[in-house]
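I have placed the structure first, in the form of C-alpha cells, so that the comments after it can refer back to it.
Numbering (our numbering), first residue to last: 6 to 105.
This is how it looks when you write it as C-alpha cells:
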C-alpha cells in the first residue's frame, strides 16, 4: 500500500497517534514554506511520511522502534547495534572477494 503524495491520502493511512505527529510536522513545514517561498520542505516531509506508511504496513511498530533507538543513541552516545570500522572493512572485503 503506497499512498500518493497527497497529504490527505498519507494522513488517512496513518494511525491516530502518527496522524497527530504528521499534523504537527505539517504545520511546521507549511509555516517554513510561507517564509522561504519554497515547497522543498513540504515535498521532503511528504516523501518521509509516504515511506513511513509503507514501512509501517510491512513492519508494524517500526516507526516507534526507530524513534526509541534514536533516543537511546542520543542519551547514551552509543549505538548498541553498530559495528566497528574494522568489522565493516572486513565485511566489505569478504563481499568483494566473493564477486571475483
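For glycine and all other residues, C-beta sits at the position ideal for the given N, C-alpha and C.
- Message: Determine whether the beta carbon atoms of residue 61 and residue 68 lie at a separation below 7 angstroms.
- Response: Between residue 61 and residue 68, the C-beta gap is smaller than 7 angstroms, which places the two residues in contact.
- Evaluate residue 7 with the Cβ neighbour count: other Cβ atoms within 10 Å of its Cβ, from every protein chain shown; 16 or more gives buried, anything less gives exposed. When all chains shown are included, residue 7 counts as exposed.
- Could you check where the alpha helix (DSSP H) with residue 83 kicks off and where it finishes? In the DSSP assignment, residue 83 falls outside any alpha helix (DSSP H) and carries neither an H nor an E.
- Query: Alpha carbon to alpha carbon, what distance is there between residue 72 and residue 56?
  - Reply: The straight-line gap from Cα to Cα measures roughly 15 angstroms.
- Task: In the DSSP assignment, find the alpha helix (DSSP H) that holds residue 98 and state where it starts and stops.
- Result: It spans 90–104 - the alpha helix (DSSP H) in which residue 98 sits, taken as one unbroken run.
- Three-state secondary structure (DSSP) at residue 43? If DSSP states are grouped into helix, strand and coil, residue 43 belongs with coil.
- Item | Selection from 94, 104, 29, 10 that minimises the alpha carbon distance to residue 51 | Among 94, 104, 29, 10, the Cα nearest to that of residue 51 is on 10.
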